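With the working numbering, letter number 11 in the sequence shown gets 1162, and the count goes up by one each step, no holes. All C-beta atoms, glycine included, are put in the ideal place defined by N, C-alpha and C. As the structure is a computational prediction, the values presented were derived from the model and not from experiment.
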Amino acid sequence: MLDVDGVLISGRPADGQNWTFSLWKDLGIDPRSLVEQFFSDEWMDVVTGKRDILPALSSSLERVPTSVTAEELIAYWFEMDSRIVNAVLSDCRAVRANGISVYLTTNQEHRRAKYLMETLDLQSEVDGIVYSAQAGVQKPHPDFYDYACKATGRDTSELILVDDTKENVEGAIKAGWDAVHWNDDMRLADVLHRSICK
Ligand SMILES: [Mg+2]
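This is how it looks when you write it as structure tokens:
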């Protein structure tokens, strides 16, 4: 169960910086204002599937304020947050070639989940995706892990989460999964070899 942002995907394609790094220069939007008006305010409902991102972001952008539309900002965001970490992807391919299933397991709203699977074509690289807007809750809520077991048809004892957020790892362990707190110095192949062979 592979987390997306901070594990398989790492920021801007050109340099791995956070997608908002040049937001002011490129679109004239202050990232702090976006955090205030959208991520602190509307994001929880969006990422848990209670509200579509488009109307939520549109009303937030009126308060930023900016003439950039929600569609334009979403297109910019998704493109600037799409650097696939090749070492993780190649280890993911090797793991699957050995018969182990890999699912993306991510706090994500519907549109970016679709973008990841279809536009970035991660659907060709993994066995599926389990994400928060589908589940109705985010990691590390216990219901997220229950949902993931049901969605993949797996028992807790079969699952290992690889995630760069400590709370998510702790939540997985509480749910009876194995879990690894990821950092960029790790190799997925080594992590899985150690966990699966122990
Ligand atoms: Mg992450």
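Nearest-angstrom Cβ-Cβ length linking residue i and residue j, presumed shorter than 8 Å
i	j	result
Asp-1327	Ser-1308	Rather than Asp, the amino acid found at residue 1327 in this sequence is Gly. Gly-1327 to Ser-1308, Cβ: 7 Å. Contact.
Leu-1159	Ile-1235	7 Å
Ser-1283	Val-1198	5 Å
Thr-1256	Asp-1156	Going by Cβ atoms, the distance from Thr-1256 to Asp-1156 rounds to 12 Å, so no, they are not a contact pair.
Met-1152	Ala-1248	With a Cβ gap of about 18 Å, Met-1152 and Ala-1248 do not count as contacting.
Ile-1180	Thr-1220	With a Cβ gap of about 12 Å, Ile-1180 and Thr-1220 do not count as contacting.
Leu-1208	Ile-1225	7 Å
Gly-1200	His-1261	7 Å
Pro-1182	Leu-1174	5 Å
Asp-1278	Tyr-1296	The pair is not a contact, with the Cβ atoms about 17 Å apart (cut-off 8 Å).
Met-1268	Ile-1251	Not a contact, Cβ separation roughly 19 Å.
Lys-1290	Asn-1319	4 Å
Residues bridged to residue i (per DSSP)
i	result
Ala-1330	Leu-1312
Ile-1160	Asp-1156 and Ile-1235
Thr-1256	Val-1281
Short CB-CB distance (under 8 Å) between residue i and chain B
i	result
Arg-1305	The chain inventory of the structure shown lacks chain B, comprising one protein chain alone.
Is it the case that the region 1308 to 1327 contacts the region 1191 to 1206, given that we only count it when at least three CB pairs across the two stretches are under 8 Å? no
Relative to ligand 1, what is the chain-ordered list of residues with a Cβ closer than 7 Å to any of its non-hydrogen atoms? Asp-1154, Val-1155, Asp-1156, Gly-1157, Val-1158, Asp-1314, Asp-1315 and Thr-1316
Inter-stretch contact at 8 Å, needing at least 3 Cβ pairs: the region 1270 to 1286 / the region 1163 to 1174: no
Entirely within the region 1176 to 1236 and at least 4 residues each: give me those alpha helix (DSSP H) ranges in chain order. 1182 to 1185, 1194 to 1198, 1204 to 1214 and 1221 to 1231
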